[in-house]
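Enquirer: Sharing a structure below in structure tokens format, with a few things to ask.
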Amino acid sequence: MSEEETNEQPVLPSEASLGRRRMLLGLGFGAANLALLRRLGTRNPTPAAPTNQLVTGSTTSTTSTTSLASLATSPPILNAASMVDPVNHVFDTVITAGRVIDPASGFDALVDIGIDQGIITYLGNETLTGRDTLDARNLVVSPGFIDLLSYPPNGYGEWFKIADGVTSNLCLHGIDDPMVDFLEKAAAQDPPLNYGGATDQYEHRKITGANIDYLRDVDDVSLQDLTNRAALDLEAGALGIHEQPEYVPGVTFEEMLGHGAVAAQYGVPLCLHIRTGETSDPDLQKAAVTEAIEVARQAGCAVHIEHLNSTGGTGRMAEAIAQIEAARLEGLAITACTYPYTFWATYAGTPRFDNFQDKFGITYNDLQVAGTSKRVTESEWPSIRQQGLLTAAFAMSEQDITTALKAPWMMIGSDAILGPLHNNHPRSAGCFSRILGVYVREQSVLSLIDALARMTIYPAQLLETASPDLAQRGRLQGGAIADITIFDPTTIIDNADLEDPGQESTGVHHVIVNGQIVRRNQKNDKTKRPGVPLLRSNS
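The sequence shown begins at 276 in our numbering and counts up one residue at a time.
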């Protein structure tokens with residue numbers, strides 16, 4: 276459960292102040308317990324944390340994507356053994372005349388692409404023959420977008436993701452089930468895009484009964500019970516570990532360290548919806564970011580902070596970025612993501628809405644139930660809370676968004692998937708097109724290649740050390756898997772809004788997932804369902 280989607284709305288305690296006090300106290304004595312936490316059961320470790328600058332931190336972290344990349348003047352190749360001689364070869368699919376951009380290498384040129392059995396097997400200027408051809412004239416050909424902060428496939432929202440250019444739907448905000456059950460349920464939806472996610476600490480608390488009272492220990496449930504469940508999910512293929520102390524106020528610093536130790540052992544990120552986004556006292560957000568950084572420092576794990584715009588950076592984005600930059604200069608593996616809207620949304624019954632006027636400096640008129648046109652009134656609010664409707668709060672500034680986007684390690688994550696009732700934030704359908712239409716074309720906050728990096732190679736790099744599946748995605752290179760998004764940079768834009776979030780984006784012409792065309796000429800092909808799970812490897 277988070278700022279957006281969940282199938283259940285737990286009844287949580289309102290003593291959020293106690294949770295914040297635990298955070299501040301925990302920062303002082305967590306180190307003493309780390310040795311114990313690291314004595315968790317022996318597992319099969321994955322390779323060491325990645326060494327690229329994005330994940331581990333960088334002394335040049337204010338440098339743009341294009342200067343970090345070694346700009347390729349010839350088509351980049353990931354696996355030379357996959358390349359074919361195009362002469363007399365008939366490709367499964369050919370993409371012609373497109374502007375091919377590979378943010379991983381900096382390559383940006385007009386070339387043709389050949390695809391065979393789901394793999395890119397040629398990039399260049401030879402005349403190609405294919406069983407199927409996509410004309411990409413005047414269009415950008417990009418790696419497929421990776422939404423690292425989505426929610427489980429539901430059989431409906433995935434198609435709006437496809438129309439937004441997304442080819443991989445990753446639930447780093449938690450998979451809502453044990454990993455085996457998540458994979459079974461997701462496969463049953465026969466999704467058109469790839470899927471995967473982070474094991475959910477909240478789900479483990481529910482299973483063990485630790486959700487009965489978040490602020491008190493539960494008999495016969497230990498921290499190791501929870502971390503062992505996380506380890507089992509990682510061995511089943513989970514891509515990370517998710518914790519959300521704002522919504523589970525009883526999560527202590529020691530519990531975060533325990534999960535951080537497991538994340539370090541398995542080479543995956545600890546994904547944190549941090550302690551608070553409250554704006555009444557900026558020191559609370561500062562402490563929440565500090566807590567996340569301290570977990571990375573003491574546990575030795577990568578930490579990914581979820582939607583920094585609404586937790587940790589609201590009204591203080593420059594300060595939050597400076598905190599993270601300082602940690603990265605130490606070499607700590609801290610990253611974050613954002614979504615490009617000035618309003619957040621969560622279920623009305625959650626603790627985030629407790630005393631919202633004081634916490635966020637907003638009024639009832641700053642609230643709007645998603646999927647409706649009306650702002651909330653004081654008299655309506657008790658009923659809305661009781662129903663637990665997803666409600667948006669206009670509590671962020673445009674500067675929060677633009678400042679966040681300029682951080683060179685910032686990624687894009689929607690924090691949403693559309694449901695049939697459309698009680699959803701519009702980021703569920705328009706997040707990525709909005710970045711390219713508003714913040715690249717209209718406002719020039721980002722260059723095109725910078726924006727594409729944040730939704731392709733950066734999330735791939737975050738996860739690829741533990742997941743060979745991600746090591747072959749996020750790139751438009753010879754030998755890479757053919758997850759490809761083809762869009763018009765002059766027209767791409769989001770159409771979803773808070774009143775009607777169920778509107779497809781404009782400008783995404785073609786989408787290819789694992790070599791299959793799931794969107795052609797701006798129309799989804801619902802007969803194609805090539806999505807596969809993207810998993811952590813035990814090898």
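We treat Cβ as the ideally placed atom computed from N, Cα and C, and that holds for glycine.
In terms of DSSP beta bridges, what is residue 808 paired with?
Expert: Looking at the DSSP assignment, residue 808 forms a beta bridge with 470.
Enquirer: Of all the options 765, 684, 613, which has the alpha carbon lying nearest to the alpha carbon of residue 604?
Expert: When only C-alpha atoms are compared, the closest one is 684.
Enquirer: Can you give the beta carbon distance from residue 564 to residue 532, rounded, assuming they're within the 8 Å contact cut?
Expert: Not quite, the Cβ-Cβ distance comes to about 16 Å (not below 8 Å), so this is no contact.
Enquirer: Identify every residue that forms a DSSP beta bridge with residue 397.
Expert: DSSP output for residue 397 lists 389 as bridge partner(s).
Enquirer: If we ignore side chains and look at the alpha-carbon of each, how far apart do residue 378 and residue 732 end up?
Expert: When rounded, the distance between both Cα atoms is 7 Å.
Enquirer: On the CB-based measure, 16 or more other CB atoms within 10 Å of its CB, does residue 661 come out buried or exposed?
Expert: Per the 10 Å Cβ criterion, exposed.
Enquirer: Which term fits residue 348, buried or exposed, when burial requires 16 or more other beta carbons within 10 angstroms of its beta carbon?
Expert: Per the 10 Å Cβ criterion, exposed.
Enquirer: Alpha carbon to alpha carbon, how far is residue 634 from residue 690?
Expert: Cα to Cα, residue 634 sits roughly 22 Å from residue 690.
Enquirer: Please state whether DSSP places residue 801 in a helix, a strand or coil.
Expert: Three-state result, residue 801: coil.
Enquirer: Rounded to the nearest angstrom, how far is the Cβ of residue 423 from that of residue 447, given a contact under 8 Å?
Expert: That belief holds up - the Cβ atoms of residue 423 and residue 447 are roughly 5 Å apart, short of 8 Å.
Enquirer: Reducing DSSP to helix, strand and coil, say where residue 303 ends up.
Expert: For residue 303, the predicted model reports a pLDDT of 43, less than 50, meaning its position is unreliable; a value from the coordinates is still stated below. Three-state result, residue 303: helix.
Enquirer: Just how far apart, CA to CA, sit residue 658 and residue 450?
Expert: Looking at the two C-alpha atoms, the distance is approximately 29 Å.
Enquirer: Grab me the residues of residue 572's own chain with a C-beta within less than 8 Å of its C-beta, minus the 5 sequence neighbours each way, in chain order.
Expert: Excluding sequence neighbours, residue 572 sits near 602, 605, 607.
Enquirer: From 370, 412, 355, 432, pick the residue whose C-alpha is nearest to that of residue 705; which is it?
Expert: For the residues 370, 412, 355, 432, the minimum Cα distance to residue 705 belongs to 432.
Enquirer: At a cut-off of 6 Å, is residue 472 close to the ligand GDP when judged by its beta-carbon and the heavy atoms of the ligand?
Expert: With respect to the ligand GDP, the structure shown offers nothing to examine, as it has no ligands at all.
Enquirer: Just the Cα atoms here: how many angstroms apart are residue 682 and residue 812?
Expert: If I take the Cα positions, the gap works out to 30 Å.
Enquirer: Looking at the unbroken beta strand (DSSP E) that takes in residue 446, where does it start and where does it end?
Expert: Counting along the chain, the beta strand (DSSP E) containing residue 446 begins and ends at 441-446.
Enquirer: Helix, strand or coil: which one does DSSP assign to residue 408?
Expert: Note: residue 408 maps to strand in three-state DSSP.
Enquirer: Need the endpoints of the beta strand (DSSP E) that residue 745 sits in, please.
Expert: It is not in any beta strand (DSSP E) - residue 745 instead sits in the alpha helix (DSSP H) that spans 743-746.
Enquirer: Please name the residue or residues paired with residue 622 in a DSSP beta bridge.
Expert: Note: residue 622 sits in a beta bridge opposite 665.
Enquirer: Relative to the alpha-carbon of residue 750, which residue among 414, 360, 413, 421 has its alpha-carbon at the smallest distance?
Expert: For residue 750, the nearest C-alpha among the options comes from 421.
Enquirer: What would DSSP say about residue 418, mapped onto helix, strand or coil?
Expert: Residue 418 falls in the strand class under three-state DSSP.
Enquirer: Leaving aside the five residues before and after residue 794 along the sequence, list all residues of the same chain whose C-beta is less than 8 Å from its C-beta, in chain order.
Expert: If we look at residue 794 and ignore the five residues flanking it on each side, its Cβ neighbours are 437, 438, 783, 784, 785, 786, 800.
Enquirer: By how many angstroms is the C-alpha of residue 769 removed from the C-alpha of residue 779?
Expert: Their Cα atoms are separated by approximately 7 Å.
Enquirer: Expressed to the nearest angstrom, what Euclidean distance is found between the alpha-carbon atoms of residue 707 and residue 359?
Expert: C-alpha separation (whole angstroms): 33 Å.
Enquirer: So if DSSP puts residue 366 in a beta bridge, which residue, or which two residues, is it bridged to?
Expert: In DSSP, residue 366 forms a bridge with 405.
Enquirer: Taking the runs of the beta strand (DSSP E) that are 3 residues or longer, which of them lie wholly in the stretch 590-620?
Expert: List check, beta strand (DSSP E) in window: 609-613.
Enquirer: Could you check which residue in 687, 701, 384, 766 has the C-alpha nearest to that of residue 734?
Expert: Of the candidates 687, 701, 384, 766, the one whose C-alpha sits nearest the C-alpha of residue 734 is 687.
Enquirer: In the DSSP output, what is residue 646 paired with across the bridge?
Expert: DSSP lists no partner for residue 646.
Enquirer: Distance check for residue 406 and residue 791, CA to CA, integer angstroms please.
Expert: For residue 791 and residue 406, the distance between alpha carbons rounds to 12 Å.
Enquirer: How many Å lie between residue 642 and residue 692 at the Cα?
Expert: Whole-angstrom Cα-Cα distance: 20 Å.
Enquirer: Determine the extent of the beta strand (DSSP E) in which residue 515 is found, giving its start and end residues.
Expert: Here the beta strand (DSSP E) through residue 515 covers 515-518.
Enquirer: Within the same chain, show all residues whose beta-carbon is closer than 8 Å to that of residue 796, passing over the 5 residues directly before and after it, in chain order.
Expert: Hits under 8 Å: 784, 785.
Enquirer: Only counting the same chain, and skipping five residues up and downstream in sequence, which positions put a Cβ closer than 6 Å to that of residue 323?
Expert: A caution first: residue 323 carries a pLDDT of 30, below 50, which makes its placement in the model too unreliable to give a value.
Enquirer: Would you check if the distance between the CB atom of residue 585 and the CB atom of residue 552 is smaller than 7 Å?
Expert: Yes, they are a contact pair.
Enquirer: Can you tell me the Cα-Cα spacing of residue 720 and residue 484, whole angstroms?
Expert: Distance between the alpha carbons of residue 720 and residue 484: 47 Å.
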